[in-house]
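A quick write-up on the structure given underneath.
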Amino acid sequence: MPAATSVLVPYASYLRVYEPLAAFPEPERSHWARYARRERTPTAQDELRRSLADLLPTPPVAVPVHESADAFVTEADGVVCVCPWRTRLRGWLALEELTELFPPTVLDAVLPPVVRGQAAADYEAWRERNPDARPWIRTAVWQVPVRWFTLFADDEREYEPGDVAGVAPVLRYRTPMVQARRRLARSLKALRESVDEGPLTEGLVDVGRWLEEFHPRSLVELDYGGLVHALSPAQLAEDHSAADVAEGIAALRDGDGEGAGEAYGRLTDRWRAVRDRQFAN
Numbered sequence: 331m332p333a334a335t336s337v338l339v340p341y342a343s344y345l346r347v348y349e350p351l352a353a354f355p356e357p358e359r360s361h362w363a364r365y366a367r368r369e370r371t372p373t374a375q376d377e378l379r380r381s382l383a384d385l386l387p388t389p390p391v392a393v394p395v396h397e398s399a400d401a402f403v404t405e406a407d408g409v410v411c412v413c414p415w416r417t418r419l420r421g422w423l424a425l426e427e428l429t430e431l432f433p434p435t436v437l438d439a440v441l442p443p444v445v446r447g448q449a450a451a452d453y454e455a456w457r458e459r460n461p462d463a464r465p466w467i468r469t470a471v472w473q474v475p476v477r478w479f480t481l482f483a484d485d486e487r488e489y490e491p492g493d494v495a496g497v498a499p500v501l502r503y504r505t506p507m508v509q510a511r512r513r514l515a516r517s518l519k520a521l522r523e524s525v526d527e528g529p530l531t532e533g534l535v536d537v538g539r540w541l542e543e544f545h546p547r548s549l550v551e552l553d554y555g556g557l558v559h560a561l562s563p564a565q566l567a568e569d570h571s572a573a574d575v576a577e578g579i580a581a582l583r584d585g586d587g588e589g590a591g592e593a594y595g596r597l598t599d600r601w602r603a604v605r606d607r608q609f610a611n
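If you're matching positions, the sequence shown starts at 331 in our numbering and goes up one per residue.
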C-alpha cells in the first residue's frame, strides 16, 4: 500500500499502460531494465509532488523543461513491465485542454498567456521531431470516464481500505491488454447496434486507437488516484462501476433497454455526486 502522506492528492483518476521491456527500443530498453532493478521506484505521490512544485515559482513552470526519466514498474506473469511517466508530454497535452475547463480570466491568472504561448511553441517544435509520440498515462479530473470501465471486469477490482495511520485507500483495476481490447470491441459493437453514435461511442473509438499503439502483452490499469479522497469508505467499498457498465452493455446486447437504463442510472448518480463537488466551497 502507498506510504502515508500529508499532501492532499488532486481529485484525478488515471488510465495507465505498462509495457514489457521488449516493447522498447535500445537504449531505452536497457535504461528501463536498470531502472526496474532499483530497490525503490517513485510512486504516484512522488510524481504529484514534483508536478505541484513546478507551479510554485513565479512565473509558474507550465511544462517541465526536460522529459522525466521515471516510470511506474510492475510485474505481469513474471514479465517486468514499465509505464513511463512522460511528464513533459502529458503537461503539453493537459495544457491544450485547459481552455475548455476554465474561463480566460481564471486561466490567465493561473498561467499567464506568455507562459502558455511559449509552452505551445515548444510543443509544436517537439512534435515535428516526434510525430508518433503518445503518452502511457491518461488523466481525468473529478471522474472516471465511463469508457474506461468498459476495459475491465468486476473480478479484476482491487480495493485496499486506508488505515488510521494515514495510509490512503487504493481502488484500481488491472487487466491484460488482450482482454481490454476484446471488451472494448464488444462494447463498441453493442453500442453501435443499439444506439445512435454519441460521446460514449466516440470515446471508445478514441481509447481503442490509443490502446492499439502498445505491445499486445501490456497490462492496462485504471487507478482511482485522488478520487479516493472524494468518496467515503462505504462508497469506495460499494463502488462496482465496472460491473454496472458491463451489466448495461450486456442489457443493450440483449435488447433490454430498461435494464441498460437502470445500470446506467446507478453509474451516473454515483459519479454526478463526485463531479458536483468540483464546484462546492
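In this text, a Cβ means the ideal position worked out from N, Cα and C, and glycines have one as well.
None of these values were measured; they are calculated from a predicted model.
Going by other Cβ atoms of all chains shown within 10 Å of its Cβ, with 16 needed for buried, is residue i buried or exposed?
{"i": "Arg-607", "result": "exposed"}
{"i": "Arg-416", "result": "buried"}
{"i": "Arg-364", "result": "exposed"}
{"i": "Gly-591", "result": "exposed"}
{"i": "Val-436", "result": "exposed"}
{"i": "Ser-343", "result": "buried"}
{"i": "Pro-612", "result": "The shown model of the chain, from 331 to 611, leaves out residue 612, and the question about it has no answer."}
{"i": "Leu-338", "result": "Reliability of the predicted coordinates at Leu-338 is poor, the pLDDT of 49 falling under 50, and the value obtained from them is presented with this limitation in mind. Counting Cβ neighbours within 10 Å, Leu-338 comes out exposed, since fewer than 16 surround it."}
{"i": "Pro-350", "result": "buried"}
{"i": "Arg-502", "result": "buried"}
{"i": "Met-331", "result": "Reliability fails at Met-331, whose pLDDT of 40 lies under 50, so the model's placement of it is uncertain and no value is given."}
Is the Cβ-Cβ distance between residue i and residue j less than 9 Å?
{"i": "Leu-557", "j": "Val-474", "result": "yes"}
{"i": "Val-472", "j": "Leu-345", "result": "In the sequence as displayed, the identity of residue 472 is Trp instead of Val. No, Cβ-Cβ distance for Trp-472 and Leu-345 is not below 9 Å."}
{"i": "Val-500", "j": "Tyr-554", "result": "yes"}
{"i": "His-395", "j": "Ala-366", "result": "According to the sequence shown, residue 395 is Val rather than His. No. Outside cutoff."}
{"i": "Asp-376", "j": "Asp-400", "result": "yes"}
{"i": "Val-550", "j": "Pro-506", "result": "yes"}
{"i": "Tyr-271", "j": "Trp-540", "result": "The question about residue 271 has no answer, for the chain in this structure spans 331 to 611."}
{"i": "Ala-603", "j": "Asp-574", "result": "no"}
{"i": "Arg-513", "j": "Thr-480", "result": "yes"}
{"i": "Val-393", "j": "Tyr-489", "result": "no"}
{"i": "Arg-511", "j": "Glu-542", "result": "yes"}
{"i": "Ala-424", "j": "His-545", "result": "no"}
{"i": "Ile-579", "j": "Arg-516", "result": "yes"}
{"i": "Leu-521", "j": "Leu-597", "result": "no"}
{"i": "Glu-518", "j": "Gly-538", "result": "Note that residue 518 corresponds to Leu in the displayed sequence, not to Glu. For Leu-518 and Gly-538, yes; Cβs fall inside 9 Å."}
Alpha carbon to alpha carbon, what distance is there between residue j and residue i?
{"i": "Phe-482", "j": "Ala-572", "result": "6 Å"}
{"i": "Ala-455", "j": "Tyr-341", "result": "31 Å"}
{"i": "His-570", "j": "Ala-576", "result": "10 Å"}
{"i": "Gly-421", "j": "Glu-427", "result": "10 Å"}
{"i": "Thr-404", "j": "Val-410", "result": "6 Å"}
{"i": "Ser-559", "j": "Arg-600", "result": "Before going on, a small fix: residue 559 reads as His here, not Ser. Taking the straight line joining both Cα atoms gives about 15 Å."}
{"i": "Pro-372", "j": "Arg-380", "result": "11 Å"}
{"i": "Val-525", "j": "Ala-439", "result": "42 Å"}
{"i": "Glu-588", "j": "Leu-378", "result": "42 Å"}
{"i": "Ala-374", "j": "Pro-414", "result": "12 Å"}
{"i": "Glu-430", "j": "Val-476", "result": "20 Å"}
{"i": "Arg-278", "j": "Ala-451", "result": "The first residue shown for the chain is 331 and the last is 611, placing residue 278 beyond what the model contains."}
{"i": "Ser-562", "j": "Leu-530", "result": "27 Å"}
{"i": "Arg-605", "j": "Ala-449", "result": "29 Å"}
{"i": "Leu-322", "j": "Ser-398", "result": "Residue 322 is absent from the structure shown; the chain starts at 331 and stops at 611."}
{"i": "Phe-432", "j": "Arg-446", "result": "14 Å"}
{"i": "Ser-336", "j": "Gly-528", "result": "Below a pLDDT of 50, predicted positions are generally treated as unreliable, and Ser-336, at 44, falls in that range; the measurement from the model is reported next regardless. Computed Cα separation, rounded: 41 Å."}
{"i": "Gln-565", "j": "Arg-464", "result": "34 Å"}
{"i": "Trp-362", "j": "Ser-548", "result": "15 Å"}
{"i": "Pro-355", "j": "Asp-484", "result": "35 Å"}
{"i": "Asp-536", "j": "Asp-462", "result": "16 Å"}
{"i": "Asp-357", "j": "Arg-370", "result": "According to the sequence provided, residue 357 is Pro. The question's Asp does not apply to it. Going from the Cα of Pro-357 to the Cα of Arg-370 covers about 22 Å."}
{"i": "Asp-493", "j": "Ala-567", "result": "14 Å"}
{"i": "Glu-523", "j": "Arg-504", "result": "28 Å"}
{"i": "Gly-585", "j": "Phe-402", "result": "41 Å"}
{"i": "Pro-442", "j": "Arg-457", "result": "23 Å"}
{"i": "Ser-360", "j": "Arg-418", "result": "21 Å"}
{"i": "Gly-595", "j": "Gln-509", "result": "26 Å"}
According to DSSP, what are the bridge partners of residue i?
{"i": "Tyr-489", "result": "Leu-501"}
{"i": "Pro-506", "result": "Leu-549"}
Original post:
What are the complete beta strand (DSSP E) segments, minimum 3 residues, inside the segment 342-375?
Top reply: 342-350
**OP:** Let me know the alpha helix (DSSP H) ranges lying completely inside the segment 387-470, each 4 residues or longer, listed in chain order.
**Re:** 417-431, 434-440, 443-459
Original post:
What alpha helix (DSSP H) runs, 4 residues minimum, are completely inside the segment 559-604?
Top reply: 563-568, 571-583
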